[in-house]
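Number 111 in the numbering used here belongs to position 97 of the sequence shown; there are no gaps in the numbering.
Beta carbons are placed, not taken as given, at the ideal position from N, Cα and C, and that holds for glycine.
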Amino acid sequence: MALAVLPDLLHNLPVLAWAIASGNPGDWWTYAVALPGKEPMLPAWVVTLSQQLHCLFHSALVATVISALLYMVRHQFWLPFLGWWSHIIIDVFTHSADFYPSPVFYPVSSWGFDGLAWNTTWFTVLNYTALTGLGIWLFVTRRNAELHHSSTTVAAPGQT
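Okay, structure coming up:
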């Protein structure tokens, strides 16, 4: 799942580069947490490059082509791509037309499904509650597995 965050990281790089080069790295954070229509003013080249990277790496067509090319080289599906694919699928339904719709058919079309915006309050609360619950469940089950493993491990004679 390592590639799951890649689409969002890549489209933020031009903004980060501009913020650092202009001597205001905090402007990147302002951009990253901005609500729709409240983004800070950015130079045209930053907006264009950021939008192009967003479209490219949120496109199922682009992901299909890259997956197919890699499959032809490796003769198997590269498992880390599941992260990228999961990001695209999740974003299709959790981005509205007002806030970074995912253009799944880019570059053929810029159309994006008008889903439920991920920053809708009730959805955000539900999302973070589910993530917290999953984190607790993983912690408890792994801890219990480690405790069970250590309690069933017996030292060989002469070892302590």
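- By the Cβ neighbour-count rule, Tyr-45 is buried, with 16 or more other Cβ atoms within 10 Å of its own.
- Using a Cβ distance threshold of 8 Å, Leu-130 and Ser-100 do not count as a contacting pair.
- Rounded to the nearest angstrom, the Cβ distance from His-72 to Asp-112 is 16 Å, too far for a contact under 8 Å.
- Inclusion of Ser-81 and His-25 in the CB contact set at 8 Å is not warranted, their separation being larger than that value.
- Less than 8 Å separates the beta-carbon of Val-118 from that of Ile-102.
- Across the set His-68, Phe-95 and Gln-66, the C-alpha of Phe-95 shows the shortest separation from the C-alpha of Val-79.
- Take the alpha-carbon of Trp-42 and the one of His-162: they are about 46 Å apart.
- Just measuring C-alpha positions, the residue of Ala-77, Val-139 and Tyr-114 sitting nearest Val-61 is Tyr-114.
- Between Ala-48 and Pro-54, the gap from beta carbon to beta carbon is short of 8 Å.
- Assigned with DSSP and collapsed to three states, Ser-124 falls in coil, not helix or strand.
- Taking Leu-30 as the centre and dropping the five residues before and after it, the same chain places the C-beta of Trp-42 closer than 7 Å to its C-beta, in chain order.
- Per DSSP, Trp-59 is one residue of the alpha helix (DSSP H) stretching across 58-71.
- Counting along the chain, Ser-81 sits inside the alpha helix (DSSP H) bounded by residues 74-88.
- Here DSSP, grouped into helix, strand and coil, assigns Asp-112 to coil.
- When the Cα atoms are used, Leu-27 and Cys-69 turn out to be separated by approximately 14 Å.
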